[in-house]
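Undergrad:
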Amino acid sequence: MTQPMPDLTIRARATQGPAPLSFAQQRLWFLQRYAPDSTAYNLVRAWRLQGPLSAPALEQALAQVTARHAVLRTCFSTGDGEPRQIVDNAPPAVQWIDLPAGELDALLRRESARVFDLHAAAPFHVTVARLEDGAHVLVLAMHHIVSDGWSNPILARDLARAYGAAVSGGEPGWTPLPVQYADYAAWQRERLDGTALDAALARCADRLGTGIPALELPLDAPRPARPAGKGGRVRWTLSDDVVAALRSYCAGGTGRGGRLTPFAVLLAAWQALLARYSGQSDFAVGVPNAARTHEELDELVGCFINTQVYRARLTPGLSGHALCQQVRDDARAALDHADLPFELLVDRLAPSRDPSRTPVFQAMFNLQMGEPAAFTLPGLQASALPVPDDSAKFDVTLDLHASATRVSATLEYDATLFTAATAQRMARHYEHLLGAMLAAPETPLEALPLMDEGEQARTLADGNDTGLALDPADDVVARIARAAAATPDAIAVTDGESSLTYAGLEATANRIANWLAAQDVGAEALVGVCLPRTPALVAVLLGILKAGAAYLPVDAHHPPARNAHILGHARARLILASAATRAALGDSGAVVLVDGDAPPWSSAPDTPPAAPFHPAQLAYTLYTSGSTGTPKGVQISRGAFANFLRAMTPVVPMGGSDRLLAVTTLGFDIAGLELFLPLASGARVVIATRDDARDPARLAALMSAHGITVMQATPATWQMLVKQVSPAWQGLRVLCGGEALGRELAAALMAKGAQVCNVYGPTETTVWSAAHALAGEGAPAWAVAPVGRPIANNQLYVLDARLEPVAPGVAGELYIGGAGLARGYAADPARTAAAFVPNLFAPGTPGAMAGDRLYRTGDLARKRADGIVEFLGRRDHQVKVRGFRVEPGEVEAALSACPQVRQAVCVARQGPDGMARLCAYYVAATAGADDAILARLREQLPGYMVPSSLTRLDALPLNANGKVDRQALPEPAAPRAAAAPSTPTEHELAALWCAVLGVAQAGADDDFFLLGGHSLLLVRLQTRIREQMACELALPALFAAPVLRDMAAAIDQAGRRDADADLAFMNDLLEAL
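Convert by adding 12 to the 1-based position in the sequence shown; the result is the number in my numbering.
1) For a minimum of 3 consecutive residues, which ranges assigned as the beta strand (DSSP E) are wholly contained in the stretch 507–559?
2) Quick check on DSSP: helix, strand or coil for P708?
3) For V191, verify whether its CB is less than 6 Å away from any heavy atom of the ligand ZN.
4) Identify every run of the alpha helix (DSSP H) within the stretch 98–147, keeping only runs that are complete inside it and at least 4 residues long; order them along the chain.
5) Alpha carbon to alpha carbon, how far is Q37 from A385?
6) In or out: S395 buried (at least 16 other Cβ within 10 Å) or exposed?
7) Between G750 and E904, how many whole angstroms is the CB-CB distance? I'm expecting something under 8 Å.
8) Relative to the alpha-carbon of A498, which residue among G479, E518, G508 and Q979 has its alpha-carbon at the smallest distance?
9) Use the C-beta contact count for M381: other C-beta atoms within 10 angstroms, 16 or more gives buried, fewer gives exposed.
10) Would you grab the beta carbon distance between D486 and A654 for me? Rounded to a whole angstrom, and I think it's under 8 Å.
11) Just tell me which of R238, D170, A58 and E144 has its CA closest to the CA of L74.
12) Return helix, strand or coil for T266, following the three-state DSSP convention.
13) Considering only residues of the same chain and omitting the five flanking positions on each side of A1049, which have a CB-CB separation below 7 Å?
14) Going by the beta-carbon positions, is the gap between R921 and V935 smaller than 7 Å?
15) At which residues does the alpha helix (DSSP H) containing V339 begin and terminate?
16) CB P802 to CB L811, shorter than 7 Å?
17) Please state whether the Cβ-Cβ distance between A797 and Q767 is less than 7 Å.
18) Classify R470: buried if its beta carbon has 16 or more other beta carbons within 10 angstroms, exposed otherwise.
19) What does the Cβ neighbour count give for H569, buried or exposed, with the cut at 16 atoms within 10 Å?
20) Let me know the secondary structure DSSP gives W282 once reduced to three states.
21) Taking only the alpha-carbon atoms, compute the straight-line gap between F848 and L330 and give it to the nearest angstrom.
22) Tell me the rounded alpha-carbon separation between P620 and L553.
23) Output the distance between the C-alpha atoms of A208 and A873, rounded to the nearest integer angstrom.
24) Excluding the 5 residues preceding and the 5 following A433 in the sequence, name in chain order all residues of the same chain whose CB lies nearer than 6 Å to its CB.
25) Are A584 and L557 closer than 7 Å when you measure CB to CB?
26) What distance in whole Å lies between the Cβ atoms of P627 and R658, which are believed to be in contact at a cut-off of 8 Å?
27) Spatial neighbours of D1064 within its chain, please: C-beta separation below 7 Å, excluding the five flanking residues on both sides.
28) Give the secondary structure of R491 by DSSP, where H, G and I count as helix, E and B as strand, and everything else as coil.
29) Only counting the same chain, and skipping five residues up and downstream in sequence, which positions put a Cβ closer than 7 Å to that of D925?
30) Going by DSSP, what residues sit across from D871 in a beta bridge?
31) Can you find the residues in the same chain that come closer than 6 Å, C-beta to C-beta, to L1029, ignoring five residues on each side of it along the sequence?
32) Provide the residue span of the alpha helix (DSSP H) that contains E902, from first to last.
33) How is the alpha helix (DSSP H) around V768 delimited, first residue to last?
34) Measure the alpha-carbon distance for N806 versus W780 and round it to whole angstroms.
35) May I have the straight-line CA-CA distance separating L120 from G1067, to the nearest angstrom?
36) Let me check understanding here. Comparing Cα to Cα, which of R340, A217 and Q1034 lies closest to G93?
And the structure:
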């Protein structure tokens, strides 16, 4: 048992002048200074009064109540940044109005949205509306700084008593209050000081631990730089069955540590739901506590409420019952610190400051037990009215009220982050999870369902009904043959120097196929291909497929040892190369040089070969990087490739007038689309050389010269190309895939007039498995383009660690099923078994078949309610920085949006202290860009997402597939040495920092909060800046620029008041007066 702080009796102050604020008031005061127009902390109560209302009696009663509770007559002042509360002796003014029919809701909304100026008058307002039917509506509006939820019944009871006495001509006759709220505030300040406070804070901080991660719920919109306070609510009543189960469970056996309470069970279910939605096992939830620890406070109106922190730790396999016990034990421990102000605990825990979210926790839980207090006025029938409230204090708050017969619930949510549909779904899932937990308390939490069977079936099926009948014989060979028959003289493929017509392509491919057949190369035989990017390459690939064999791309720019290993591992029957590429094959045997005037098939017949095709036959094998360092060979069947081409035809419809610019190396599977989809559609392929593909100016020239209408590339290539000018941009159909497509790049491409389609799919599922057209979306709300919906005969599933479907909007790992799945990895059954798992959902999923498999992508995703799948990042790329989960792609998007940056990438590196830090690399568009880039990033990103280092490169390293090669990035630039203030403003500001923070020195790159600053000290600094630097900066501006260099820049940008001009103005004013 911890030792309590010394207990002191609360006594009235000797003098009744200005008093300090309590710690709770101080936080609310700061929040109102930070967001002066916020109504998030308004408390509004309203009653309809039926019967004869005595106006004089009501006004007298209100005067007596505010005389009894001086806090309701309190306003606030500030001196040197230190707030004080001052009691005004005047009674409240009552506003009487006549309210037309139908205007009641508008009145309540106005009062709910009333903005209180805490310095101008007491934040307590009374309105009485006369209705046309003779009834009245009484509205009491006040700021949380003078009251709390536990004060409501006290205020209602005292008002009823005073009104009854006034009507009868008597006095209320209540017992005088021993102290006023200001006495409590002064007592709290005196008591919570010194070593006792430090010891209590240390014990509480030790219980909670350090580094509490922020709760990262999946959002429906990007988090704004600062909370807007706009909220919504979902109200419902728990079912009778769930309430009965709750009572039965709490009344049951005690188990370890004693009986469980409804509080423990209901909070445990809330923690379990947040864990499932966020994918986190460690986070915090705030829980309000009445904090009326002394009997002197029992009958006093005021803001006594304290918030306690419950850290959720959900280890794998933890049962619902065990979590309930854990919460119960946390609640017992919290009793030792019931009156330890949350505001002081925040400073002790020193969480990373992020203006976009609340500190320590982002979710609240509140349970009120018992029937609400009745409000009765003599001679009147009073009925409480629901007051509209469009504010939100946290990301999500669950407010429960348990009476003798039912449990009512309200889910308050931040409407800038979540849609109403998401909140309604979360409410539904909470009740379902609670019911499941009560029905099977010993079951591991992760095994309990969030959805009922109907919702799960709908979630699985939504977007996955992609069935499309295919003719097994209608594969790529047959489709190109039809195109050749229709337009034999049309150019099929060109590189600008040489071309093949459709007839010429067919004839050459037939000769190659017949020659291969003569070499006994047929079904399941692999032919290595290491050739330059010319039309002849396309003829070779088509010839291999016509022979019934499969091709194996080999990159001439890869190390010969790696190529030799791949060819040996794949057991290539034959390797086709040129004199220029032969050296890249190392000591590989069975190499046939095919360049020169007479390739080996020149005398073979040009008639179609008689090789039989089957969808299960191998079409190609591609070797990709493996996590173990050994390349893995992905085997794609003819049926999977034929399905891909058929499924992509409506996504990118092409005809004889279309020109596709092929820029991708053959070793990257997306080259299959570039080389074969246009040919299967009767369009033309324009091949860019390797050097062309790496030069944006040359690519733009090719686009213009050939009238390109379709192009596919990775985001890295599009980022390089988007700043080039070309008439081909207008109407260009852009396919972007291979990496996440960020909002800024997508917007830039669409601004060029391009029609952008984001495509998604790993090599193991045959090029692309999903597509999402971006045209017509306007300013996208997403940070990364959605994956979209699956293409024909493909399915997308978002699953948890148990391979169970997650609820819509909840993050999980993306799995892909359907006709595009690879056969597996060449000669690697262990890897195949690990990556391809049975599709247990196939029998109940439209378009899927029993026995199908799923591919585990390793990508984090979520499925929206409309069936669209959104990409959330890679499991192996996410990183925790200062307790926050960061997706480097979001930082990259912000970097790429900087005008000084042409290309950018962000990675996580481990610093000397063992902590992760973000390191950014960029290709500059302008000189001397570092300071400007960092300044822009600090405007757009939370501090923890601003890279600790910027490294400028001439070019980002790309792998052969056109993706950024993160492994090839150099060591990051060393962080700049601590810089002294350099400008006059920095020097002046540094002196103020030292005075406010009590530090000896402050450098230009120091952070105000990391030097010990907190909210109240920031207010003091604001006052000093106003008085000594003649600059008026709002608190949000200071909060958003905690680094001294940035704060000084904000002051310079805001400008200083001209003291001489002010004096001249005052002289003119005095003369005028």
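Every residue gets a Cβ at the ideal spot worked out from N, C-alpha and C, and that includes glycine.
TA: So, to answer that:
1) 511–513 and 538–542
2) Locating residue 708 in the sequence shown gives position 696, counting from the first residue. The answer is helix: DSSP assigns P708 an H, G or I state.
3) Ligands displayed in this structure: none; no statement on the ligand ZN is therefore possible.
4) 116–124
5) Mapped onto the sequence shown, residue 37 falls at position 25. Mapped onto the sequence shown, residue 385 falls at position 373. The straight-line gap from Cα to Cα measures roughly 25 Å.
6) Residue numbering aside, residue 395 sits at position 383 when the sequence shown is read from its first letter. When all chains shown are included, S395 counts as exposed.
7) If you number the sequence shown from 1, residue 750 lands on position 738. If you number the sequence shown from 1, residue 904 lands on position 892. Their Cβ separation, rounded to whole angstroms, is 14 Å, which puts G750 and E904 out of contact at 8 Å.
8) Locating residue 498 in the sequence shown gives position 486, counting from the first residue. Taking only the C-alpha atoms, the option nearest A498 is E518.
9) Taking the sequence shown and counting its residues from 1, the one referred to as residue 381 is at position 369. Exposed: under 16 other Cβ atoms inside 10 Å.
10) Residue 486 sits at position 474 when you count from the first residue of the sequence shown. Residue 654 sits at position 642 when you count from the first residue of the sequence shown. Indeed they touch by this definition, with Cβ atoms about 7 Å apart.
11) Stepping through the sequence shown from its first residue, residue 74 is reached at position 62. Out of R238, D170, A58 and E144, D170 has the C-alpha closest to the C-alpha of L74.
12) For the purposes of this step, residue 266 is identified with residue 254 of the sequence shown, where counting begins at 1. Low local confidence applies: a pLDDT of 49 at T266 is under 50, so the model's placement there is unreliable, with the coordinate-based value given in what follows. Coil.
13) Taking the first residue of the sequence shown as position 1, residue 1049 is located at position 1037. A1062.
14) The residue labelled residue 921 in the question sits at position 909 within the sequence shown. The residue labelled residue 935 in the question sits at position 923 within the sequence shown. No, these two residues do not count as a Cβ contact at 7 Å.
15) For the purposes of this step, residue 339 is taken as the residue at position 327 of the sequence shown. Looking at the DSSP string, the run of the alpha helix (DSSP H) that includes V339 is G332 to L347.
16) For the purposes of this step, residue 802 is taken as the residue at position 790 of the sequence shown. For the purposes of this step, residue 811 is taken as the residue at position 799 of the sequence shown. No, Cβ-Cβ distance for P802 and L811 is not below 7 Å.
17) Position 785 of the sequence shown, counted from the first residue, corresponds to residue 797. Position 755 of the sequence shown, counted from the first residue, corresponds to residue 767. Not a contact, by the Cβ cut-off of 7 Å.
18) Here residue 470 refers to the residue found at position 458 when the sequence shown is read from its first residue. By the 10 Å Cβ count, R470 comes out exposed.
19) Your numbering for residue 569 matches position 557 in the sequence shown. Counting Cβ neighbours within 10 Å, H569 comes out exposed, since fewer than 16 surround it.
20) Locating residue 282 in the sequence shown gives position 270, counting from the first residue. Correct three-state label for W282: helix.
21) The count along the sequence shown starts at 1 and reaches residue 848 at position 836. The count along the sequence shown starts at 1 and reaches residue 330 at position 318. Between the alpha carbons of F848 and L330 lies a distance of about 28 Å.
22) Taking the first residue of the sequence shown as 1, we reach residue 620 at position 608. Taking the first residue of the sequence shown as 1, we reach residue 553 at position 541. Distance between the alpha carbons of P620 and L553: 15 Å.
23) Here residue 208 refers to the residue found at position 196 when the sequence shown is read from its first residue. Here residue 873 refers to the residue found at position 861 when the sequence shown is read from its first residue. So the alpha carbons of these two residues sit roughly 49 Å apart.
24) Along the sequence shown, one-based indexing puts residue 433 at 421. Within the same chain, A433 has close Cβ partners A877.
25) Translated into positions along the sequence shown, residue 584 becomes position 572. Translated into positions along the sequence shown, residue 557 becomes position 545. Judged by beta-carbon spacing, L557 lies beyond the 7 Å limit of A584, meaning their Cβ atoms are not closer than that value.
26) If you number the sequence shown from 1, residue 658 lands on position 646. If you number the sequence shown from 1, residue 627 lands on position 615. Contact flag wrong, Cβ pair sits at about 12 Å.
27) For the purposes of this step, residue 1064 is identified with residue 1052 of the sequence shown, where counting begins at 1. Excluding positions up to five away in sequence, the list reads T997.
28) Indexing the sequence shown from 1 puts residue 491 at position 479. Of the three classes helix, strand and coil, the one that applies to R491 here is helix, per DSSP.
29) In the sequence shown, residue 925 corresponds to position 913, counting from 1. Confidence in D925 is poor, its pLDDT being 48 and thus under 50, which makes the residue's placement unreliable; the coordinate value appears in the next sentence. Excluding sequence neighbours, D925 sits near nothing in its chain.
30) Start at 1 with the first residue of the sequence shown, and residue 871 comes out as number 859. R886, per the DSSP bridge assignment.
31) The sequence position of residue 1029 within the sequence shown is 1017, counting from 1. Cβ neighbours of L1029 beyond the five flanking positions: V1008.
32) As a position in the sequence shown, residue 902 is number 890, starting the count at 1. Start and end: P900 to S908.
33) Here residue 768 corresponds to residue number 756 of the sequence shown, with the count starting at 1. First-last for V768: Q767 to Y772, but that is the beta strand (DSSP E), not the alpha helix (DSSP H).
34) The residue you call residue 806 lines up with position 794 of the sequence shown. The residue you call residue 780 lines up with position 768 of the sequence shown. Those two C-alpha atoms are separated by around 10 Å.
35) Position 108 of the sequence shown, counted from the first residue, corresponds to residue 120. Position 1055 of the sequence shown, counted from the first residue, corresponds to residue 1067. Approximately 41 Å between the Cα atoms of the pair.
36) Along the sequence shown, read from residue 1 onward, the residue named residue 93 stands at position 81. Per the Cα distances, Q1034.
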